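Residue numbers (this note's numbering): 246 to 402.
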Ligand SMILES: [Zn+2]
């Protein structure tokens with residue numbers, strides 16, 4: 246089916262002139278299936294949002310996303326940033342998961358080391374992860390702000 250070209254449509258242009266609009270303007274289509282609404286963004290930024298596991302996206306770089314934003318996922322006291330084994334098993338079971346884009350609480354939560362090694366974040370790999378003192382240091386020094394600089398959260402395609 247061929248769609249009519251509304252920019253070149255006599256009736257449409259007549260209507261446009263009647264409305265006093267000179268140019269057709271630019272319009273962006275908003276797709277709530279693929280783009281976060283303002284309310285969703287606010288909820289993600291200010292805390293945890295519950296989601297059905299299959300709605301979680303895994304990006305090419307192995308980070309996690311929901312619609313057009315990167316997110317992190319909470320499971321117990323762990324913060325997951327990538328598609329590690331734990332996240333894989335959560336995604337395969339059709340359970341509810343909890344995601345966020347906001348700050349986490351380093352006193353109560355710690356970042357998942359396997360996620361960091363999946364991403365090879367700051368040179369972290371599986372071999373170095375096995376050294377306990379190195380892993381402790383990584384967890385202690387992890388900064389969500391730095392992570393967001395390396396992997397901007399919003400908006401993504
Ligand atoms: Zn993880």
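Positions of the beta carbon are idealized from the N, C-alpha and C atoms, including for glycine.
Please read these numbers as outputs of a predicted model, since none were measured by experiment.
Original post:
Listed by chain order, which residues have C-beta atoms less than 6 Å from any heavy atom of ligand 1?
Top reply: Listed along the chain, these residues meet the criterion: 325, 329, 331, 332, 357, 359, 360.
Original post:
Hey, how far is the Cα of residue 325 from the Cα of residue 274?
Top reply: Along the chain shown, one-based indexing puts residue 325 at 80. Along the chain shown, one-based indexing puts residue 274 at 29. Looking at the two C-alpha atoms, the distance is approximately 32 Å.
Subject >> Close-in-space but distant-in-sequence residues of the same chain around residue 290 (CB under 6 Å, 5 per side omitted) >> reply: In the chain shown, counting from the first residue as 1, residue 290 sits at position 45. When the five nearest sequence neighbours on each side are left out, the beta carbons in the same chain lying within less than 6 Å of the beta carbon of residue 290 are those of 346, 347, in order along the chain.
Subject >> Nonlocal neighbours in the same chain, by C-beta distance under 6 Å from residue 400, ignoring five residues either side >> reply: As a working mapping, residue 400 is identified with position 155 in the chain shown. The answer, listed in chain order, is 313.
**OP:** Starting from residue 323, trace the beta strand (DSSP E) both ways and give me its first and last residue.
**Re:** Within the chain shown, residue 323 is the residue found at index 78, counting from 1. Note, residue 323: beta strand (DSSP E), 323-325.
**OP:** Could you tell me which of 352, 344, 248, 338 sits nearest to residue 286, measuring between CA atoms?
**Re:** The sequence position of residue 286 within the chain shown is 41, counting from 1. The candidate whose alpha carbon is nearest that of residue 286 is 344.
**OP:** Per DSSP, which residues does residue 308 bridge with? Please list them.
**Re:** Here residue 308 refers to the residue found at position 63 when the chain shown is read from its first residue. Its beta-bridge partners are 327.
**OP:** Look at the alpha carbon of residue 402 and the alpha carbon of residue 258, and state the distance between them as a whole number of angstroms.
**Re:** In the chain shown, residue 402 corresponds to position 157, counting from 1. In the chain shown, residue 258 corresponds to position 13, counting from 1. C-alpha of residue 402 to C-alpha of residue 258: approximately 33 Å in a straight line.
**OP:** Whole angstroms is fine: what's the gap from residue 363's alpha carbon to residue 392's?
**Re:** Against the chain shown, residue 363 aligns to sequence position 118. Against the chain shown, residue 392 aligns to sequence position 147. Cα-Cα distance, rounded: 14 Å.
Original post:
Between which two residues does the alpha helix (DSSP H) harbouring residue 295 extend?
Top reply: Walking along the chain shown from the start, residue 295 turns up at place 50. Segment 294-297 is the beta strand (DSSP E) holding residue 295; no alpha helix (DSSP H) there.
Subject >> Residues sharing a beta bridge with residue 341, DSSP >> reply: Taking the first residue of the chain shown as position 1, residue 341 is located at position 96. For residue 341, which the question treats as bridged, DSSP gives the partners 297.
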